[in-house]
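Asker: Its first residue numbered 3, the sequence shown is counted upward by one per residue in my numbering. All residues carry an ideal CB built from backbone N, CA and C; glycine is no exception.
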Amino acid sequence: MKNLEDIRKHTIQTYEKHAQTWDMHRPRVLIEKPWLDKFIELLPPQGRVLDVGCGAGEPITGYLLKQGFDITGLDASPGMLEIARMRFPNASWVEMDMRDMQFDTKFDGIISWDGSFHLTQAVQRQLLLQFARHLHPNGALLMTIGHEAGEVTGTVEGDAVYHASMAPDEYRDILRSLEFGRIEIKLQDENCGLHSILLAQKQ
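(1) Since L45 contacts G117 with CB under 8 Å, what's their CB separation in whole angstroms?
(2) Around the Cβ of Q190, are there at least 16 other Cβ atoms within 10 angstroms (buried) or fewer (exposed)?
(3) What does D191 pair with, by DSSP beta-bridge criteria?
(4) Is it buried or exposed for R10, if we count other Cβ within 10 angstroms and need 16 for buried?
(5) Report yes if the C-beta distance between D39 and G57 is below 8 Å; otherwise report no.
(6) Nearest-angstrom Cα distance between L130 and S79?
(7) Check the C-beta distance from I113 over to F41 and give it rounded, since I have them as a contact under 8 Å.
(8) So is the beta-carbon of D8 under 7 Å away from any non-hydrogen atom of the ligand SAM?
(9) Determine, using beta carbons only, whether Y17 and M82 come nearer to each other than 8 Å.
(10) Have a look at H20 and E159 and give me their C-alpha separation to the nearest angstrom.
(11) Can you tell me whether D167 is buried or exposed? The criterion is at least 16 other CB atoms within 10 Å of its CB, across all chains shown.
(12) Excluding sequence positions up to five away, which residues of its chain have a Cβ less than 7 Å from the Cβ of F119?
(13) Quick check on L121: does DSSP put it in helix, strand or coil?
(14) If A169 and E150 are in contact, beta carbons under 8 Å, what's the gap, nearest whole angstrom?
(15) Suppose the cutoff is 6 Å on Cβ atoms and the five residues either side in sequence are ignored; what does the same chain contact list for F133 look like?
(16) Going by Cα to Cα distance, which pick from Q15, E7, G59, G49 is closest to L1?
(17) Taking only the alpha-carbon atoms, compute the straight-line gap between H136 and K68 and give it to the nearest angstrom.
(18) Go to G64, then tell me how far its beta strand (DSSP E) extends in each direction, as first and last residue.
(19) Sorted by chain position, which residues of the same chain lie with C-beta nearer than 6 Å to T63's C-beta, five sequence neighbours on each side aside?
(20) CA-CA distance, E186 and A202?
(21) How is S114 classed by DSSP in three states: helix, strand or coil?
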């Protein structure tokens, strides 16, 4: 049986291995819509949005594209991105580990839905800094977090994957230090599949 560190190291490979079946089984019911709409309210029309850990693009990237946004999707799985490119050829798709995220441009919004929680707490702290650096003033951030600090495992098509979260108040404190003014956190939202969600806006 793999230990937690082995599971963490192989999480990207697990998604790559199961890209086709994961996409097939990914629910298309947009339970995320109320939060996506809140996020959209903070963005300029046709603004640039970075989707970190975009997977195969459905349903979240697809919804944002329909609202007229210029989408760049980032994912470490070539198999996921192959599906996304075929599905949405008008978006930009970048194969990149989010830990290495570096762009020469800034975005009006960044979303990481069920993405960044595959990283350790220490790496997530650094990622929040990268998110802040890549956002324009007044830029918005929407991401899922855990409802408490800790490390756990989930499954993708029967194989274990790694999850971690800081305490919700630590996310809030870090973002405040990075000049985010508005910060809203909802833990285990019953209307959104018990996701814990963070929405923030830079000053």
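Answerer: From the atom records:
(1) L45 to G117, Cβ: 19 Å. No contact.
(2) Exposed, by the Cβ-count rule.
(3) H197
(4) buried
(5) no
(6) Each residue's Cα considered, the two are about 21 Å apart.
(7) 7 Å
(8) The ligand content of the structure shown is nil, which means the ligand SAM is not present either.
(9) Result yes, Cβ atoms of Y17 and M82 sit closer than 8 Å.
(10) 7 Å
(11) Checking the displayed sequence, the identity of residue 167 turns out to be Ser instead of Asp. That one is buried.
(12) T146, I147, G148, H165, A166, S167
(13) coil
(14) 6 Å
(15) I112, L143
(16) Nothing about residue 1 can be read from this structure; the chain reaches only from 3 to 205.
(17) Their backbone Cα atoms lie some 23 Å apart in a straight line.
(18) It is not in any beta strand (DSSP E) - G64 instead sits in the alpha helix (DSSP H) that spans 62 to 68.
(19) In chain order, D53, C56, I73, G75 place their CB closer than 6 Å to the CB of T63, counting only its own chain and leaving out the 5 sequence neighbours on each side.
(20) 6 Å
(21) In this structure, S114 counts as strand in the three-state DSSP scheme.
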